[in-house]
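Asks:
In the UniProt record's numbering, the protein residues as written are 1 to 227.
#1: In chain order, what residues of the same chain lie with their CB nearer than 6 Å to the CB of residue 177, ignoring the 5 residues before and after it?
#2: Within a Cβ cutoff of 7 Å, which residues of the same chain sit near residue 62, ignoring the five residues on either side of it in sequence?
#3: Alpha carbons only, please: which of 106, 104, 160, 90 is nearest the one belonging to residue 122?
#4: Quick check: the Cα distance between residue 131 and residue 75, rounded to an integer number of angstroms?
#5: Which residue's Cα is closest to the Cα of residue 217: 180, 169, 157, 50?
#6: Note down, in chain order, each residue of its chain lying with its Cβ closer than 8 Å to the Cβ of residue 203, except the 5 sequence neighbours on either side.
#7: Can you give the Cα-Cα distance for residue 100 and residue 213, rounded to whole angstroms?
#8: Would the stretch 73-89 and the stretch 16-31 be scored as touching if the rule is three or more Cβ pairs under 8 Å?
#9: Output the distance between the C-alpha atoms of residue 208 and residue 198, rounded to the nearest integer angstrom.
#10: Which residue wins for smallest C-alpha separation from residue 157, given the options 4, 53, 119, 67?
#11: Since residue 105 and residue 144 are thought to touch, with beta carbons under 8 Å apart, how far apart are those beta carbons, to the nearest angstrom?
#12: I want to know whether the stretch 84-93 touches the stretch 13-23 - three or more CB-CB distances under 8 Å.
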């Protein structure tokens with residue numbers, strides 16, 4: 001699996017830094033060299049070799065807004081093709097929540113898109129634009145499938161969250177993922193410690209583990225992947 005962090009906040013790069021490859025995300029928007037780029041540090045014949053590689057966020061991503069989407073999209077697709085030829089099964093792309101060249105380029109290259117959403121007013125206001133953007137980009141990338149929206153950081157004790165969730169389920173019944181992720185300190189602990197949540201030794205981490213695994217199972221089934 002290769003993880004590409006296109007978010008300049010670099011949260012995924014921080015948490016997954018032990019899997020750094022030395023490659024940077026802005027380099028995926030440059031011309032692909034003819035000499036087997038990118039090279040990976042993974043030996044797929046070695047069962048003890050890591051099975052994940054990170055292409056980290058970098059400051060160069062801030063310059064993507066200066067280039068056209070057609071150019072960025074074409075170069076990024078070429079880069080993804082080169083990565084696939086290295087033997088990876090899955091490419092996970094993390095983008096910033098705001099619409100821009102990097103998100104659009106990722107959607108033009110992707111087979112699937114999953115959108116986490118927080119149940120707050122500002123997040124909900126942007127949902128219609130996200131749904132419209134995905135629908136428009138599918139005209140250029142017909143293979144793109146919208147897996148749906150994942151309610152994230154859900155506070156079950158907050159009436160506002162419950163009300164917003166019900167509104168979204170009524171407005172987008174086919175797009176709401178049934179397995180959301182609650183607002184849980186164990187997930188923040190896991191991210192800060194750079195470990196999976198099931199390795200956090202807290203009783204509260206058990207529920208978070210159940211939610212994350214249920215979400216993963218749902219996504220794998222939608223993608224018709226074996227775990």
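We put the CB at the ideal spot given by N, CA and C, even for glycine. In this text the structure is predicted, and so the values were computed from the model without any measurement.
Replies: Inspection of the coordinates gives the following:
#1: 148, 150
#2: 8
#3: 160
#4: 25 Å
#5: 180
#6: none
#7: 30 Å
#8: yes
#9: 8 Å
#10: 119
#11: Not a contact, Cβ separation roughly 12 Å.
#12: no
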